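There are 2 protein chains.
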Amino acid sequence: MKLASLKHGRDGRLVVVSRDLAWYADASHIAPTLQAALDDWNRLLPDLQNLATDLEHETIPRERFHEHEAAAPLPRAYQWADGSAYVNHVALVRQARGAELPDSFWHDPLMYQGGSDGFLGPRDDIPLKDESWGCDLEAELVVVTGDVPMGASREAALAAVRLVGLTNDVSLRNLIPGELAKGFGFFQSKPASAFSPVFVTPDELGDWWSDGKLDRKLMVDLNGEPFGRALASEDMTFDFGTLVAHAAKTRNLGAGTIVGSGTVSNRDADGGPGKPIAEGGVGYSCIAEVRMIETIQNGKPSTGFLKAGDTVRIWVEDDQHHPIFGTIEQTVAAA
Amino acid sequence: MKLASLKHGRDGRLVVVSRDLAWYADASHIAPTLQAALDDWNRLLPDLQNLATDLEHETIPRERFHEHEAAAPLPRAYQWADGSAYVNHVALVRQARGAELPDSFWHDPLMYQGGSDGFLGPRDDIPLKDESWGCDLEAELVVVTGDVPMGASREAALAAVRLVGLTNDVSLRNLIPGELAKGFGFFQSKPASAFSPVFVTPDELGDWWSDGKLDRKLMVDLNGEPFGRALASEDMTFDFGTLVAHAAKTRNLGAGTIVGSGTVSNRDADGGPGKPIAEGGVGYSCIAEVRMIETIQNGKPSTGFLKAGDTVRIWVEDDQHHPIFGTIEQTVAAA
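Read top to bottom, the protein sequences are chains L and E. If you count the first sequence from 1, position 265 lands on 265 in full-length UniProt numbering, and the numbers rise without skipping. If you count the second sequence from 1, position 285 lands on 285 in full-length UniProt numbering, and the numbers rise without skipping.
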């Protein structure tokens with residue numbers, strides 16, 4: 001089942017979207033918003049599934065689904081907790097600045113608490129007040145959970161995953177060193193993230209969803225050129241069950257909690273850092289990573305951060321090259 | 001005007017509470033929840049104010065207000081951003097571990113993104129799975145904002161303050177060093193916070209609310225003994241206007257954003273660190289601070305962190321010694 005929120009008020013209007021993303025059926029008679037559906041998931045799920053079946057069978061009124069009319073599936077959420085599961089990515093950041101990677105990073109997930117009071121829709125501009133802040137994309141997977149009790153096991157945490165989707169976790173790279181030096185984590189360096197037009201239930205992904213990982217390539221284009229084609233199931237040190245359990249170690253997680261994978265990143269086939277797509281590699285899911293590799297190789301970065309007019313596309317394809325979650329497609333705009 | 005949320009479902013039921021906290025009137029015909037009221041504040045405020053006036057005049061049906069029936073005014077919120085405005089507190093933490101305080105800390109606020117998907121009510125137990133985590137209280141002031149646009153000035157940010165209240169920002173002190181060393185800020189070390197039974201509009205505070213500071217003592221008792229009596233307007237390096245503007249530098253803040261002051265802390269009259277109340281000082285708003293002072297004075301701390309059965313009370317009084325926001329009164333319970 002695929003769910004989306006059409007732009008409407010602060011929380012959108014819940015719709016069920018057809019598998020091919022061409023059509024939607026209004027679901028607001030079942031739950032007005034996606035949050036409301038997540039709040040009462042077990043009771044409402046059968047009705048939502050029936051609606052999705054009827055939509056596929058074309059037995060109910062349907063409307064064309066336009067991705068630019070979609071808000072983020074949760075236009076605002078009660079929690080956005082972003083992990084850093086691709087330790088390869090973290091290792092590269094550290095290598096670029098000559099810092100060692102603590103061994104603990106391979107068995108204790110990094111995770112930060114993100115702002116969740118207002119997200120960007122999949123086709124919304126990325127508002128940027130100051131290009132010197134170093135605006136970057138970060139292409140990631142996310143899951144949305146139901147209620148997770150404090151101290152949940154990895155298996156219980158994984159069973160609480162309700163939906164899977166994509167995010168562009170926009171980052172202001174040049175504000176990060178100052179904030180991290182203060183010791184309290186990210187705040188100003190993490191403006192509003194954008195999410196894919198639809199989130200899907202794990203069963204919709206079939207065998208591609210396995211052990212809390214998605215076995216598909218995360219496609220990223222930058223200004224119309226292929227930029228990233230990393231395999232999301234590869235080099236993912238911590239699966240989503242482990243990430244959700246980490247988040248729940250000392251407190252309950254409320255229904256509608258969004259947990260992110262962190263920037264997807266693959267090592268090169270030869271074990272070294274990833275190569276650009278033009279050089280036969282799988283590329284990158286953020287600009288910072290290519291800049292790190294440029295720094296490692298040439299002593300300084302040559303790729304610039306995002307500026308007004310730059311475009312970012314993020315999606316995942318099925319075997320027929322159709323986007324599964326729709327496409328995040330954003331343009332940077334001076335704010 | 002004083003607002004509370006009686007325990008009911010995930011978001012409580014909005015009520016207006018009398019100035020003396022003895023009575024309430026149901027407000028759910030105006031807005032079902034406090035979040036709903038904040039989402040449409042300018043339109044709904046006159047109706048809520050009329051209800052509060054009628055309640056004071058005893059011209060409408062009213063019920064006894066029991067603080068143990070109250071949830072947190074926002075039982076869950078879209079944002080909890082906690083500052084560290086009492087730099088005195090930060091200076092003491094640093095002094096205790098022999099670290100210098102960067103000069104920038106006096107003009108650039110510290111702030112972390114807190115978890116907001118589920119808060120404790122004012123009389124709820126503090127669930128603690130493991131006493132070795134070093135459970136601490138942190139008594140703080142909070143404000144709740146309306147919508148704040150990205151880049152708002154201090155003045156605009158201050159004008160967006162809708163409500164003022166108190167929090168017990170529960171912290172797991174022994175998990176903090178490990179998390180901060182990882183560089184991504186707090187996560188597991190900050191379990192669910194509790195909030196005061198009522199939040200109040202700034203006008204309710206009269207002259208006590210001035211320039212984004214509250215000119216009253218923050219009262220803290222630990223296990224029935226006076227523990228903290230710090231003046232909230234003193235040594236507050238960053239007022240709430242400055243804190244909210246800091247939060248809004250790179251992104252909009254959604255209505256219902258909660259911004260905290262950080263642990264309230266006063267220097268001693270002689271300029272040194274604060275003394276315990278038993279020694280004529282104003283005491284402390286968290287256990288970590290008395291432990292720091294013990295460490296500075298004796299080389300090691302002697303006050304222990306919270307254990308099952310310990311009780312915490314946090315409140316602020318008017319001139320007649322009546323609590324303004326009600327009382328946070330919690331017992332630590334093994335979870």
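C-beta: ideal position from N, C-alpha, C; glycine also. Treat the numbers as computed from the prediction; the structure is a model and nothing was measured.
Interface with chain E (8 angstroms Cβ-Cβ cutoff): glutamine 330/L is excluded. If you draw a straight line from the Cα of tyrosine 284/L to the Cα of alanine 139/L, it comes to about 9 angstroms.
Under a criterion of Cβ atoms nearer than 9 angstroms, no residue of chain E is adjacent to threonine 242/L; the nearest Cβ is some 14 angstroms distant. Nearest C-alpha to serine 193/L among Gly262/L, Leu101/L, Gly271/L and Thr250/L: Gly262/L. Remark: fewer than three beta-carbon pairs, one from each stretch, lie closer than 8 angstroms, so the segment 139 to 155 of chain E and the segment 150 to 167 of chain L are not flagged as touching.
Of all residues in the segment 131 to 165 of chain L, only Trp133, Met150 and Gly151 come within less than 8 angstroms of chain E when Cβ atoms are compared, listed by chain position.
In this structure arginine 43/E is exposed. Its beta-carbon is surrounded by fewer than 16 other beta-carbon atoms within 10 angstroms. If you look at lysine 182/E, you'll find it isn't in any beta strand (DSSP E); it sits in the alpha helix (DSSP H) that goes 176 to 182. Sequence-distant Cβ neighbours of lysine 300/E in its own chain, meaning closer than 6 angstroms and more than five residues away, do not exist here.
Sequence-distant partners of valine 198/E (beyond 5 residues in either direction) whose C-beta falls short of 8 angstroms from its own C-beta, in its chain, are Lys2, Leu3, Ala4, Val17, Leu21, Ala70, Pro73, Gly165, Phe325 and Gly326.
Under the Cβ distance rule, alanine 335/E counts among the residues neighbouring chain L, one pair being separated by less than 8 angstroms.
If you draw a straight line from the Cα of arginine 76/E to the Cα of lysine 182/E, it is about 27 angstroms long.
A straight-line Cα-Cα distance of about 40 angstroms links aspartate 270/L and leucine 253/L. In this structure, arginine 313/E places its C-beta atom within 8 angstroms of the C-beta atom of valine 220/E. A distance below 8 angstroms between beta-carbons, with the five flanking residues on each side excluded, links aspartate 310/E to the following residues of its chain, in chain order: Leu222, Asn223, Thr331 and Val332. A direct Cα-to-Cα measurement between lysine 190/E and leucine 51/L gives close to 40 angstroms. CA-to-CA, the gap between arginine 123/E and isoleucine 258/E works out to about 20 angstroms. Rounded to whole angstroms, the separation of the alpha carbons of leucine 92/L and asparagine 168/L is 20 angstroms.
For secondary structure counted as the alpha helix (DSSP H) over 4 or more consecutive residues, the UniProt domain "Fumarylacetoacetase N-terminal" (1 to 76) of chain E holds these complete runs in sequence order: 34 to 39 and 41 to 56.
Taken in chain order, the complete beta strand (DSSP E) segments of 3 residues or longer contained in the segment 239 to 284 of chain L are 258 to 260.
Residues of the segment 88 to 114 of chain L whose Cβ lies closer than 7 angstroms to any Cβ of chain E, in chain order: Leu110, Met111, Tyr112, Gln113 and Gly114.
Contact check between the segment 51 to 62 of chain L and the segment 98 to 117 of chain L: fewer than three CB pairs, one atom from each, fall below 8 angstroms, which does not count as touching. DSSP, reduced to helix, strand and coil, places methionine 236/L outside both helices and strands of the structure shown, so it counts as coil. Contact check for aspartate 47/E and isoleucine 60/E: beta-carbon distance about 12 angstroms, past the 8 angstroms limit, so the pair fails to qualify. In this structure, lysine 213/E places its C-beta atom within 8 angstroms of the C-beta atom of aspartate 239/E. With a threshold of 16 other beta carbon atoms within 10 Å, arginine 97/E falls short and is exposed. In this structure, Arg229/E is the residue among Leu163/E, Arg229/E, Ala159/E and Ala248/E with its C-alpha nearest to the C-alpha of isoleucine 277/E. In the structure shown, serine 196/E falls within a coil segment according to DSSP collapsed to helix, strand and coil.
Among the residues of the segment 285 to 311 of chain E, none has a Cβ less than 9 angstroms away from any Cβ of chain L. Between leucine 38/L and valine 143/L, the CB-CB gap reaches or exceeds 8 angstroms. The C-alpha of leucine 243/L is placed about 8 angstroms away from the C-alpha of alanine 85/L.
Counting the other CB atoms within 10 Å of its CB gives aspartate 207/E a total below 16, which places it among the exposed residues. Taking a Cβ-Cβ threshold of 9 angstroms, none of the residues of chain L is close to lysine 7/E; the smallest such distance is about 15 angstroms.
Residue range 87 to 96 is occupied by the alpha helix (DSSP H) that includes valine 90/E.
According to DSSP, residue pairing for serine 210/L in a beta bridge involves Lys213/L.
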